[in-house]
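Student: Quick note on our numbering: the sequence shown kicks off at 4 and runs consecutively.
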Amino acid sequence: MRYAIELPNNKIKLIDDGWTLNNLEEHGVNIRRSKTRRKIFENEVTSYGVVV
Numbered sequence: 004m005r006y007a008i009e010l011p012n013n014k015i016k017l018i019d020d021g022w023t024l025n026n027l028e029e030h031g032v033n034i035r036r037s038k039t040r041r042k043i044f045e046n047e048v049t050s051y052g053v054v055v
């Protein structure tokens, strides 16, 4: 599996095959069921320049 894919617009797409969200859920943090948790998650990753 590739985790970094070069895009034609001179950007890089990073993927983890869902590992991060699945790992969070295994530890009791489910952001998919809560709009508030999802917003917090999105705000956190976008602060690092990640596009969700």
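Each residue gets a CB set at the ideal place from its N, CA and C atoms; glycine is no exception.
Note that this is a predicted model, so its numbers are computed, not measured.
What would DSSP say about ILE43, mapped onto helix, strand or coil?
Tutor: helix
Student: Identify whether LEU10 lies in helix, strand or coil by the three-state DSSP scheme.
Tutor: coil
Student: Looking at ILE34: is its Cβ nearer than 8 Å to the Cβ of LEU24?
Tutor: yes
Student: Our contact map puts VAL32 next to GLU45 with C-beta atoms below 8 Å; I'd like the distance itself, whole angstroms only.
Tutor: Contact doesn't hold; Cβ gap of about 14 Å is too wide.
Student: Compare the beta carbon distance of TYR6 and ILE18 with 8 Å and say whether it is the shorter of the two.
Tutor: Closer than 8 Å, so yes.
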